[in-house]
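A short worksheet on the structure shown next.
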Amino acid sequence: MTKREIIKIVLDGKKPPYVPWSFKFTKEPYEILQLYFGVEDLDEVLGNHILQLGSDIGFFEIVGENLYRDYFGVVWDRSIDKDIGDILGSVLPKPTLDGYTFPDPHDPRFFADIEPSIAQKPEMFRVFQIGFSLYERAWTLRGIENLLLDFYMNPEFVDELFERICDYNIAQVEKALEYDIDAIYFGDDWGQQHGLIMGYDLWKRFIYPHLKRMYGKVRESGKYLMIHSCGDVDELFDDLVEIGLSSFNPFQPEVMDIFEILPRYRGRLSFHGGLSMQKTLPYGTVQEVIEASNKLIELGRDGSYIFSPSHSVESDTSLENILAFVNVSQSQLN
Numbered sequence: 022m023t024k025r026e027i028i029k030i031v032l033d034g035k036k037p038p039y040v041p042w043s044f045k046f047t048k049e050p051y052e053i054l055q056l057y058f059g060v061e062d063l064d065e066v067l068g069n070h071i072l073q074l075g076s077d078i079g080f081f082e083i084v085g086e087n088l089y090r091d092y093f094g095v096v097w098d099r100s101i102d103k104d105i106g107d108i109l110g111s112v113l114p115k116p117t118l119d120g121y122t123f124p125d126p127h128d129p130r131f132f133a134d135i136e137p138s139i140a141q142k143p144e145m146f147r148v149f150q151i152g153f154s155l156y157e158r159a160w161t162l163r164g165i166e167n168l169l170l171d172f173y174m175n176p177e178f179v180d181e182l183f184e185r186i187c188d189y190n191i192a193q194v195e196k197a198l199e200y201d202i203d204a205i206y207f208g209d210d211w212g213q214q215h216g217l218i219m220g221y222d223l224w225k226r227f228i229y230p231h232l233k234r235m236y237g238k239v240r241e242s243g244k245y246l247m248i249h250s251c252g253d254v255d256e257l258f259d260d261l262v263e264i265g266l267s268s269f270n271p272f273q274p275e276v277m278d279i280f281e282i283l284p285r286y287r288g289r290l291s292f293h294g295g296l297s298m299q300k301t302l303p304y305g306t307v308q309e310v311i312e313a314s315n316k317l318i319e320l321g322r323d324g325s326y327i328f329s330p331s332h333s334v335e336s337d338t339s340l341e342n343i344l345a346f347v348n349v350s351q352s353q354l355n
């Protein structure tokens, strides 16, 4: 049975022969692991089951030292954060789209890696990724404080902005569906440590209708739908399942009771993540990482779960702790 087939079993809510896994890393730990294993591509040595395709945010242009311009024209300073960075300026300083041109969703750079990657790793589950897929794309253009105020002061502008972003995403999804992929993945952080950033009522008013349209395009194609949304967002799970969600990431144990939620949703919604990135991995011992990983593996044996840290592993996690959860995942196959 291939890794691709194992993930499909999990997403279908059935019991897999073992709990699959897929790990992501930020720049610094990724480079440490490349050096440790002596390889450029980590998927094979880690045993990852999910093949990440596309360019989720579109960081194609370097415009200065540690400065990157994303595909929508936002400039990011990576002096400290080497993966995404901090925004410089505002592309939409006023609540209007006058003078702004949306980019081409069919730019070949978003799709160039799909066929070569699938040919190289045909056994992996194939996921085309769209990052900053609605709310995050909006606030990166407008500024987060401005956008939150716009919800109240300029609702018509928010509706127009979200609709245009949604149209862009759907056009990109339609192009991605021309390839032999298995799922579309949308990244869009709505949560904070306690509750939603914008609250449920505003989420349902401004965000939900566009999610329903985007998710519907994916599900009508017969593909799986995966999302990433950091923070305390479990109050949204019933809404998200209703409009077609297959898998939720990052499943943070600090903000939700993962050992209560997974059994409750098993068979209706799958989860990817769960290993604490705020406590266990940066501050725990190797033994504590092993114990937490084994507990999650046991939780996931009946299905609807993909083992992973609750976010891309960052530089505050030691190599020893990384190898600990990697070894636990692979020990299932021994």
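In the working numbering, each number is its position in the sequence shown, counted from 1, plus 21. Glycine included, each C-beta is placed from N, C-alpha and C at the ideal position. Computed from a predicted model, the values in this text were never measured in an experiment.
- For Tyr92, no beta strand (DSSP E) encloses it, and the DSSP letter there is neither H nor E.
- Within the same chain, Ile218, Ser250, Cys251, Gly252, Asp253, Val254, Val276 come within 8 angstroms of Gly212 by CB-CB distance, once the 5 residues on both sides are set aside.
- Under the DSSP assignment, Ile205 falls in the beta strand (DSSP E) whose first and last residues are 204 to 208.
- Note: Trp224 is not bridge-paired with any residue in the DSSP secondary-structure output.
- For Ser138 and Ile108, the gap between their C-alpha atoms comes out near 31 angstroms.
- For Leu54, the enclosing alpha helix (DSSP H) starts and ends at 48 to 58.
- Annotation for His231: no beta strand (DSSP E) segment contains it, though the alpha helix (DSSP H) segment containing it runs 229 to 241.
- In the DSSP secondary-structure assignment, Phe146 is bridged to Ile71.
- For Pro38, the closest C-alpha among the options Phe58, Ile78, Gly324, Ala133 is that of Gly324.
- A check of alpha carbon separations from Asp209 across Ala197, Glu199, Cys187 identifies Cys187 as the nearest.
- The C-alpha of Phe44 is placed about 8 angstroms away from the C-alpha of Leu67.
- Distance check between Pro143 and each of Ser339, Glu26, Trp224 places Glu26 closest, using alpha-carbon atoms only.
- About 5 angstroms separates the Cβ atoms of Gly75 and Phe131, confirming a contact at the 8 angstroms cut-off.
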